[in-house]
Amino acid sequence: DAKTTQPPSMDCAEGRAANLPCNHSTISGNEYVYWYRQIHSQGPQYIIHGLKNNETNEMASLIITEDRKSSTLILPHATLRDTAVYYCIVNSGGSNYKLTFGKGTLLTVNP
Amino acid sequence: GAVVSQHPSWVICKSGTSVKIECRSLDFQATTMFWYRQFPKQSLMLMATSNEGSKATYEQGVEKDKFLINHASLTLSTLTVTSAHPEDSSFYICSARDRRAGATYEQYFGPGTRLTVT
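In structure tokens, the structure reads:
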């Protein structure tokens, strides 16, 4: 599975958009990009995933570059409750569907 | 939808005893469940993959005789930490993959179980 690189931490003002980058330069054609987040002392929460096209759901938007070597998770109006560690994961296939978590980005939303 | 529960949410046990943690998918069927362990200020580490009706697949370095996994139904998997020691104290998290997910990887995670071994 492709390796991902994320900044260790970011800050964002409440009400503003939070843009979390992820580099996955070795991604292959059949690998999806997944985003999860983990609020302190809770289990991770699935946010969104995508293959080639940009995706949007009720939580966030995922922008994938045309060459697929990087992506950005966008929280359009960050709230204090969005403070969490955000994980970008790239996975290809295989019957076990395993996810490998890196260190992620600690997003702190400030009032 | 896609709710996963864990029980207990926290447990304290004495060294040498065994502890069982349950993971349930409440509103979907999960052919595959996963067990993770997370130490303070570290990321999640996959321990094993649990497939309904078959033996679990353990990650390298995880002792299968110490961490017993049973996946008896499409909605329940259990992790038993046998002969627990203080170094087994950790946050144990399960996740489940909806059998309808097709080729994609989204998993739904439980709230975690905090195990403290004294």
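Protein chains in written order, with my numbering: chain G, 1 to 111; chain B, 1001 to 1118.
Beta carbons: idealized from backbone N, C-alpha and C, even for Gly.
Got a sec? Which residues, its chain only, sit under 7 angstroms from residue i by beta carbon, not counting five neighbours each side?
i       : result
A1030/B : L1074, T1075, A1096, R1097, D1098 and R1099
Spell out whether any CB of chain B is found under 8 angstroms from the CB atom of residue i.
i     : result
H49/G : yes
L99/G : yes
Q6/G  : no
Y86/G : no
State the DSSP-derived secondary structure class of residue i, mapped to helix, strand or coil.
i       : result
E66/G   : coil
D1088/B : helix
L99/G   : coil
R37/G   : strand
D1027/B : coil
R1097/B : strand
Please report whether the beta-carbon of residue i lies at a distance below 8 angstroms from any beta-carbon of chain G.
i       : result
E1106/B : yes
L1074/B : no
G1112/B : yes
R1024/B : no
Take residue i and list the residues in its own chain whose beta-carbon comes closer than 6 angstroms to its own, dropping the five residues that flank it on each side.
i       : result
S9/G    : L106
I48/G   : W35, E55, N57, A60 and L62
I1069/B : A1048, S1050, A1056 and L1079
Identify which residue in the options has its Cα closest to the Cα of residue i.
i       : options                               : result
I64/G   : G29/G, C12/G and N110/G               : G29/G
A1072/B : E1063/B, Y1092/B, T1032/B and A1048/B : T1032/B
S1043/B : R81/G, L80/G, A13/G and Y86/G         : Y86/G
K1020/B : K1066/B, T1118/B and P1086/B          : K1066/B
F1034/B : K98/G, Q38/G, S71/G and E31/G         : K98/G
T1017/B : Y1108/B, S1089/B, F1109/B and Y1036/B : S1089/B
Output, in sequence order along the chain, the residues in the region 1027-1044 of chain B whose CB is closer than 9 angstroms to any CB in chain G. From the region 1027-1044 of chain B, only T1032, F1034, Y1036, Q1038, Q1042, S1043 and L1044 have a Cβ closer than 9 angstroms to chain G.
The region 1044-1071 of chain B: positions lying closer than 9 angstroms to chain G by Cβ: Flagged, chain order: L1044, M1045, L1046, T1049, N1051, T1057 and E1059.
Report the residues of the region 20-35 of chain G with a CB closer than 8 angstroms to any CB of chain B, ordered along the chain. Listed by position along the chain: Y32 and Y34.
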